[in-house]
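Here's the structure we're looking at; comments come further down.
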Amino acid sequence: MRRLEELQFDNTYARLPAAFHSKVSPTPFPAPYLVSFNPAAAELIDLDPRESERAEFVEYFGGRRTLPGASPLAMLYAGHQFGSYVPQLGDGRAILLGEVRNTRGDKWDLHLKGAGQTPYSRGFDGRAVLRSTIREYLCGEAMHALGIPTSRALCIVGSDEPVRRETIETAAMLVRMSESHVRFGTFEVFYYRQQPERVRELADYVISNHFTELAAAEDKYQQFLLEVARRTARLIAKWQAVGFAHGVMNTDNMSVLGLTLDYGPFGFLDDYRAGFVCNHSDYSGRYAFDQQPAVGLWNVSRLAQTLVNLITVEEATTALGVYQPAFAAHYGELVRAKLGLTTEADGDAELLLDLLSLLEANGVDYTNFFRRLGNFDTATAGARHDELRDMFVEPEAFDAWAARYRARLHAEASADAARKSRMDAVNPKYVLRNYLAQDAITAAVERRDYTEIERLRETLSAPFKEQPGRERYAESPPDWGKRLAVSCSS
Ligand code: AMP
Ligand code: MG
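Under numbering that gives the first Met the number 0, residues 0 to 489 are what the sequence shown spells out, in order.
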């Protein structure tokens with residue numbers, strides 16, 4: 000376990016040519032304080048968790064001191080935002096402090112979000128509000144525990160510095176960690192600037208650092224695209240299965256490693272709604288829940304386009320061709336597991352789609368339905384499953400579906416107890432519902448009470464486990480929390 004000053008930096012991105020970034024240091028907070036610290040993330044960089052108690056901790060992560068060996072910079076990128084190309088974005092408020100290599104050889108970017116202005120700030124203040132920082136902090140951990148590839152977060156450092164959004168709010172910095180922060184948009188910026196050599200350099204960099212198994216392949220660029228397509232498809236399959244809506248799937252928020260990146264106005268489904276739009280600035284519903292799989296492919300196609308000088312159109316088309324089957328296969332696998340099925344049969348897709356329609360028509364909570372479905376008793380008629388039936392406005396409609404489900408389980412000789420333990424391992428009890436995040440935010444912002452952040456972080460780190468005394472975190476939202484519009488401002 001290392002002290003802060005002993006972290007082993009290996010700043011590969013800083014060694015890329017100047018065209019890729021701007022060397023810039025954080026703008027310090029005047030009087031930083033620790034809001035929350037995540038020991039699980041500290042472990043990833045071999046950092047001794049007791050280091051969070053040192054006064055220097057918030058100095059380093061509140062922008063007042065530079066860690067020995069760090070080489071802070073802002074990454075350049077562009078991206079398609081809501082379908083339109085924006086020629087230059089880049090880290091306008093996040094600074095890559097450096098890359099830490101742990102004793103296992105893994106490399107983690109330490110990215111300080113809310114670190115102040117950079118050359119890419121486009122006139123904005125470079126800050127992040129405590130509210131959005133808490134959401135990103137918690138969701139990274141929640142997704143990780145759900146088995147979904149994601150950025151992580153080490154800590155939140157607060158400040159009394161005011162920032163102006165719709166109202167005046169307090170600023171905070173988040174130390175985000177990811178194996179890489181390269182985005183589809185990082186490729187796009189050089190493609191649209193007509194700098195094919197830069198695209199090649201970036202592709203070589205990403206492949207040699209993150210797709211090492213492809214480095215020696217003759218067709219490595221095609222293989223790279225294929226692998227990004229596959230990973231993106233699988234990632235989005237996981238989002239769909241768990242009921243996660245990202246909210247802002249612009250290409251600048253898409254990780255080339257296939258991880259969930261840039262948590263903004265995201266939302267987990269409460270009651271099931273295929274067309275759920277969590278971002279209240281998304282007027283056309285471009286990033287609605289049920290649009291995500293198609294948007295993922297559209298986004299990978301934007302990445303493919305940037306590789307025109309490295310692969311042929313046919314090679315690109317072949318690579319993109321893996322997306323749809325990879326999505327369908329993985330989603331199928333995930334939802335069969337959610338239903339507790341161990342075999343594939345004709346009619347499974349229909350069984351699922353009919354269930355989703357029923358959930359939607361009856362306003363049934365998605366997470367809680369699947370969790371309770373684990374208790375399904377094949378010996379009794381479906382009609383006697385009160386804890387499930389009671390979730391439906393029209394219980395008879397559920398009864399009819401339950402009879403089909405029961406027959407399907409009988410057909411594969413499903414044993415109740417074994418099925419329940421399988422289902423409990425894939426159907427979470429706890430997800431980061433918007434209203435839960437909002438409770439933690441309200442306590443933090445209004446009362447400087449950070450205990451709810453801790454409780455939620457702990458609860459969400461074991462989403463599949465029954466946690467006696469914490470059942471309230473599994474409740475569907477109270478009325479005030481049902482239609483929380485999440486602002487894009489952050
Ligand atoms: P996001 O919507 O957070 O993915 O951000 C889109 C782009 O806007 C990124 O380039 C951000 O760095 C930039 N950005 C967002 N908020 C700010 C801010 N307060 N100050 C500077 N840049 C920002
Ligand atoms: Mg972003």
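Yeah, the Cβ is synthetic: ideal placement off N, Cα and C, and Gly gets one too.
Computed from a predicted structure; not experimentally measured.
Contacts around residue i, its chain only, beta-carbon distance under 7 Å, and the 5 residues preceding and following it disregarded
| i | result |
| --- | --- |
| residue 429 | 458, 459, 462, 472, 473 |
| residue 299 | 227, 228, 231, 319, 322 |
| residue 235 | 291, 292, 295, 326 |
| residue 483 | 433, 434, 437 |
| residue 60 | 111, 154, 156, 172, 174 |
| residue 88 | 76, 77, 78, 119, 184, 251 |
| residue 324 | none |
| residue 57 | 31, 32, 33, 156 |
Candidates the options, of which the one nearest residue i by Cα
| i | options | result |
| --- | --- | --- |
| residue 157 | 53, 54, 228, 35 | 35 |
| residue 257 | 101, 225, 133, 218 | 225 |
| residue 490 | 464, 222, 340, 145 | Outside the modelled stretch of the chain, which goes from 0 to 489, sits residue 490, for which no answer is possible. |
| residue 65 | 384, 92, 97 | 97 |
| residue 184 | 202, 175, 252 | 252 |
| residue 159 | 446, 477, 317 | 446 |
| residue 306 | 395, 109, 108, 218 | 218 |
| residue 23 | 91, 164, 449 | 91 |
| residue 336 | 422, 413, 297 | 422 |
| residue 449 | 469, 18, 37 | 37 |
| residue 68 | 356, 12, 4 | 4 |
| residue 145 | 408, 366, 107, 108 | 366 |
| residue 427 | 373, 316, 444, 415 | 373 |
| residue 133 | 415, 262, 122, 314 | 262 |
| residue 12 | 54, 164, 201, 304 | 201 |
| residue 517 | 50, 444, 424, 375 | Outside the modelled stretch of the chain, which goes from 0 to 489, sits residue 517, for which no answer is possible. |
| residue 10 | 102, 106, 52 | 106 |
Beta-carbon contacts of residue i that lie in its chain and below 6 Å, excluding the five residues immediately before and after
| i | result |
| --- | --- |
| residue 382 | With a pLDDT of only 44 at residue 382, under the threshold of 50, the placement of this residue in the model should not be trusted; the figure read from the coordinates follows. Taken in chain order, the residues that qualify are 398. |
| residue 480 | 434 |
| residue 287 | 274, 276 |
| residue 310 | 220, 221 |
| residue 396 | 357 |
| residue 424 | 463 |
Residue i CB to nearest heavy atom of the ligand AMP below 7 Å
| i | result |
| --- | --- |
| residue 123 | yes |
| residue 286 | no |
| residue 90 | yes |
| residue 163 | no |
| residue 247 | yes |
| residue 171 | no |
| residue 119 | yes |
| residue 491 | Lying before the first or after the last residue shown, residue 491 is absent from the chain, which here runs from 0 to 489. |
| residue 233 | no |
| residue 179 | no |
| residue 93 | yes |
| residue 51 | no |
| residue 489 | yes |
| residue 134 | no |
| residue 126 | yes |
8 Å CB neighbourhood of residue i in its chain, flanking five on each side removed
| i | result |
| --- | --- |
| residue 137 | 431, 436, 439, 452, 455, 456, 459 |
| residue 255 | 179, 181, 182, 183, 185, 186, 205, 209, 227, 302 |
| residue 368 | 271, 358, 387, 390 |
| residue 334 | 240, 351 |
| residue 308 | 195, 198, 199 |
| residue 152 | 37, 40, 135, 136, 139, 140, 173, 174, 175, 176 |
Nearest-angstrom beta carbon gap, residue j and residue i [assumed within contact, 8 Å]
| i | j | result |
| --- | --- | --- |
| residue 71 | residue 31 | Not confirmed; about 16 Å, so no contact. |
| residue 497 | residue 62 | A query on residue 497 cannot be resolved here, the shown segment of the chain reaching from 0 to 489 and no further. |
| residue 147 | residue 117 | The pair is not a contact, with the Cβ atoms about 29 Å apart (cut-off 8 Å). |
| residue 113 | residue 173 | 6 Å |
| residue 486 | residue 279 | 6 Å |
| residue 150 | residue 260 | 5 Å |
| residue 43 | residue 1 | Wrong, their Cβ atoms sit about 12 Å apart, outside the cutoff. |
| residue 81 | residue 249 | 7 Å |
| residue 108 | residue 177 | 5 Å |
| residue 377 | residue 408 | 5 Å |
| residue 392 | residue 361 | 5 Å |
heavy atom of the ligand MG below 7 Å from residue i C-beta
| i | result |
| --- | --- |
| residue 261 | yes |
| residue 361 | no |
| residue 251 | yes |
CB contact check: residue i to chain B, cutoff 8 Å
| i | result |
| --- | --- |
| residue 182 | Absent here is chain B; the protein component of the structure consists of one chain. |
Tell me, please, whether the segment 178 to 193 touches the segment 268 to 283 by the rule of three or more beta-carbon pairs shorter than 8 Å.
no
Would the segment 199 to 213 count as touching the segment 159 to 170 if we require 3 or more Cβ pairs under 8 Å?
no
Tell me, please, whether the segment 290 to 299 touches the segment 240 to 253 by the rule of three or more beta-carbon pairs shorter than 8 Å.
yes
Evaluate the contact criterion for the segment 192 to 201 versus the segment 117 to 130: three or more CB pairs, one atom per stretch, below 8 Å.
In short, these stretches do not touch, since the Cβ pair count stays below three.
State whether the segment 403 to 417 contacts the segment 342 to 353, with contact taken as three or more CB pairs (one from each stretch) at a distance under 8 Å.
yes
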